[in-house]
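Here is the structure we will look at, set down as structure tokens.
Protein chains in written order, with the numbering used here: chain V, 49 to 501; chain H, 49 to 501.
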């Protein structure tokens with residue numbers, strides 16, 4: 049029987065992260081201060097990040113060593129398997145070969161612990177006792193809770209209120225890993241109290257939760273902040289995905305033709321594709337595809353501009369593809385993809401023409417996820433379904449053309465805590481809306497001005 | 049960095065199951081007809097099982113070939129990893145080495161698909177279009193749903209009513225895999241309607257659900273029945289766990305001293321230990337430990353006798369350790385361990401003195417599970433926590449004596465759908481009851497009489 053799973057040993061966990069800043073033909077424009085619009089200085093970031101992470105955020109070194117203590121913790125679940133989806137291929141009757149890198153095998157169930165472990169480690173090294181963060185559906189919050197618990201750091205999670213009530217199990221997971229989790233907006237911060245005073249019944253948003261976590265970190269001496277996506281150092285930590293993939297594809301004796309990831313803040317996609325971007329820019333690389341929801345089409349309909357990282361203008365501005373920080377996507381189940389912006393590194397890469405972007409309605413995404421679950425067995429996260437949809441579409445195109453392409457997608461997480469959304473899909477209760485251009489135009493009309501030069 | 053995960057390739061999936069009947073010094077007494085008490089004939093079983101499984105149930109051949117089609121489907125997730133729990137060892141400061149065989153990596157999240165895939169395959173071969181089964185917490189129902197979907201067989205699951213409402217996500221998983229799932233007792237069977245007529249508010253029980261599924265299978269020509277534990281052929285299919293383990297321990301250059309599994313119906317424990325039993329009987333083997341709940345102490349306080357497989361006397365009698373078919377355990381969260389009987393093969397082995405049994409209260413079990421989640425990352429199923437508790441106790445004993453034992457336990461499943469019970473435990477809301485001897489005596493006083501000689 050041919051082996052369809054390509055598994056590495058702990059020793060194959062990369063010894064260094066790959067920093068794409070070393071190989072992009074342009075520098076990523078600096079992040080800017082939300083109040084002044086001027087480039088952030090390291091001192092601006094010190095109240096919420098340790099020096100090592102600030103240095104990684106602006107580094108142009110190609111390789112950044114992974115500390116042994118981080119590799120040891122990553123070894124709890126890494127390297128993640130690369131699996132050939134033979135049953136899906138047979139079902140599709142495609143000549144293409146479809147592989148997925150299974151990041152769902154981590155304790156928290158997604159790629160997020162890759163950076164959570166690194167961030168918890170560097171904060172521990174800096175003597176930090178407590179980390180505050182936000183979470184939407186709970187993937188990031190549970191990942192950081194897990195990582196903080198490994199290093200004995202306290203963890204406070206501001207969880208978007210609607211998810212806090214709809215996804216109690218991810219909250220349970222955070223508590224299991226010793227974190228404290230509150231519904232956002234909360235009474236625990238000034239910004240939370242102000243929003244609740246105006247609108248006690250608000251469902252909350254990721255932007256509000258970010259604002260609360262940043263305020264918490266900035267106003268407590270022993271507390272730092274941690275972000276689960278978007279920032280350069282977060283994408284850097286995720287590059288172990290693509291670095292492992294290269295070794296696994298060599299084992300499988302494959303050259304990848306198409307690389308696919310879903311894109312919310314961008315970190316799982318960045319981690320998958322960054323190690324391939326130099327080849328792409330040199331004209332030798334695979335086709336790269338970002339798959340995003342039609343309800344939050346940052347790359348396909350957004351603008352490359354400076355915008356705030358959060359929704360209320362407290363977080364720094366970044367130069368990125370954005371729909372405008374005031375843009376509010378409809379309530380799709382892929383909560384992790386409901387972000388107005390996109391990682392600046394990934395955004396620059398996309399601006400340089402190194403990547404395609406596609407958007408899918410959620411019914412089309414769930415259709416793909418159900419097909420995957422019924423052929424390959426594993427139930428994917430709603431976010432991941434967007435990547436699967438794009439992979440299936442590529443494979444069906446190969447069926448038409450007869451091309452025997454090698455397609456790899458990032459299986460960013462499992463859907464064990466999202467089964468409610470599958471019930472809705474299977475009951476035919478999910479609706480797809482076309483997003484009016486006026487909604488985007490309005491939010492883009494409210495972009496802030498940076499003074500980066 | 050030393051590798052702590054021992055991973056095999058698809059080619060290492062065993063080519064044959066190991067049948068312990070070939071090596072036990074006594075034959076497992078025959079199953080008997082529930083009405084007559086006389087040994088079941090193959091003809092008695094034909095209405096609900098395919099011939100191949102009936103043959104496996106009574107076979108004394110040592111090795112039974114695994115069909116290639118079954119191995120191909122098992123390869124979706126097998127071989128399962130053997131992992132050394134180094135973080136748990138460090139936390140315990142034990143000189144023992146603790147390993148776990150991670151059966152939680154299967155699509156349904158437990159060891160159950162190992163037999164579900166085999167049973168679905170043989171039913172498909174026999175031209176069966178539909179399979180009916182029961183499920184408690186949903187582990188078995190979701191596993192059979194997954195397996196039936198792989199082979200295009202319809203699947204009907206009778207799910208114990210209290211779990212049907214308390215564990216909606218395992219129900220969602222069954223629906224995702226195309227199964228139809230009803231709360232038991234249901235209006236779909238005669239036995240269900242009778243029970244509902246007497247007690248409309250009953251919470252149901254595994255015994256009732258078995259009765260419904262057996263009736264469904266016996267009364268539909270195109271429908272067979274499938275059981276997730278207890279029977280000889282089910283334990284047989286699980287032996288791939290122990291067979292893989294032997295290869296993995298050779299890779300790890302270990303000789304196992306203690307082998308541990310939790311025991312409800314007994315199949316995960318059987319699968320782990322059967323390949324080691326001949327060594328044990330020859331005086332060379334590891335110590336084998338069955339870990340069961342104090343609330344349902346089948347091996348530690350039950351009797352070796354003939355009893356019905358279900359709670360109402362419709363299913364065949366088996367010679368096994370039992371608390372009596374009318375015994376109703378308290379509502380502990382480890383639903384999969386709330387069964388009055390125990391696999392006859394495992395029971396005989398225990399009667400022969402080849403295995404120890406221990407019982408734990410649920411708070412002690414959850415304490416172990418939380419320790420595991422906080423050190424090794426993965427959240428275990430409440431059932432699995434019983435095995436972890438016994439492993440931790442063995443490791444702590446080694447700490448006292450200084451012995452560097454090699455301890456292996458079966459991580460029978462993850463707890464992603466059981467987080468509610470962790471919430472209860474962490475909130476201090478789980479209660480432990482001492483089971484009065486009178487309850488056991490009463491149920492044992494109602495044992496049926498078999499005429500097996």
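Idealized CB from N, CA, C, for every residue including glycine.
Closer than 7 Å at the C-beta level to chain H, one finds these residues of the region 409 to 420 of chain V: 418. Of all residues in the region 464 to 487 of chain V, only 464, 465, 467, 468, 470, 471 and 474 come within less than 8 Å of chain H when Cβ atoms are compared, listed by chain position. Annotation: Cβ neighbours of residue 224(H) in chain V (cutoff 8 Å, chain order): 418, 421, 422, 427, 467, 470 and 474. Under the 8 Å criterion on CB atoms, residue 147(H) is classed as non-interfacial with respect to chain V.
Pairing residue 400(V) with residue 444(V), the inter-Cα distance amounts to about 28 Å. At a cut-off of 8 Å between beta-carbon atoms, residue 433(V) makes no contact with chain H.
Sequence-distant Cβ neighbours of residue 100(H) in its own chain, meaning closer than 6 Å and more than five residues away, are 170. A Cβ of chain H is located within less than 8 Å of the beta carbon of residue 52(V). For residue 57(H), a Cβ of chain V is located within less than 8 Å of the residue's own Cβ.
The C-beta of residue 194(H) comes closer than 8 Å to at least one C-beta of chain V.
In the same chain as residue 90(V), and ignoring 5 residues on each side of it, the C-beta atoms closer than 7 Å to its own belong to 102, in chain order. Here the region 204 to 220 of chain V makes contact with the region 180 to 191 of chain V; the two share three or more CB pairs at distances below 8 Å. The three-state secondary structure of residue 163(V), taken from DSSP, is helix. Neighbours of residue 101(H) across chain V, judged by C-beta separation under 9 Å, do not exist; the nearest C-beta is about 23 Å away. At least one beta carbon of chain H lies nearer than 8 Å to the beta carbon of residue 49(V).
Listed by position along chain H, the residues whose Cβ is nearer than 7 Å to that of residue 123(V) are 49 and 52.
Every alpha helix (DSSP H) stretch that sits fully inside the region 49 to 115 of chain H and reaches 4 residues is listed by chain position as 90 to 93 and 99 to 106. Residue 119(V) has a beta carbon lying within less than 8 Å of a beta carbon in chain H. Counting only residues of its own chain and dropping the five nearest sequence neighbours on each side, residue 318(V) has a CB closer than 7 Å to the CB of 283, 286, 391, 393 and 394. The Cβ of residue 430(V) sits no closer than 8 Å to any Cβ of chain H. Excluding its 5 nearest sequence neighbours in each direction, residue 491(H) has C-beta neighbours in its own chain below 6 Å: 371, 372, 374 and 375, listed in chain order. Boundaries for residue 497(V): no alpha helix (DSSP H) harbours it, and the DSSP string shows neither H nor E there. Under the DSSP assignment, residue 414(H) falls in the alpha helix (DSSP H) whose first and last residues are 410 to 424. A Cβ-Cβ contact shorter than 8 Å links residue 459(H) with residue 151(H).
Cβ atoms of residue 193(H) and residue 227(H) come within 8 Å of each other, at about 3 Å.
Nearest C-alpha to residue 363(H) among 84(H), 153(H), 146(H) and 379(H): 84(H). If you check the CB distance, residue 442(H) and residue 455(H) come in under 8 Å. Burial is judged here by how many other beta carbons sit within 10 angstroms of a residue's own beta carbon; residue 292(H) has at least 16 and is buried. Closer than 7 Å at the C-beta level to chain V, one finds these residues of the region 148 to 162 of chain H: 155. Residue 378(H) and residue 437(V) have their C-alpha atoms roughly 46 Å apart. Contact with chain H is found for residue 217(V), since one of that chain's Cβ atoms lies less than 8 Å from the residue's Cβ. DSSP places residue 256(V) in the helix class (H, G or I) of the three-state scheme. Counting along the chain, residue 228(V) sits inside the beta strand (DSSP E) bounded by residues 228 to 232.
At a cut-off of 8 Å between beta carbons, residue 293(H) makes no contact with chain V. Distance from the Cα of residue 265(V) is smallest, within the candidate group 97(V), 186(V), 314(V) and 144(V), for 97(V). From the beta-carbon of residue 492(H), no residue of chain V is found nearer than 7 Å; the closest lies around 38 Å away.
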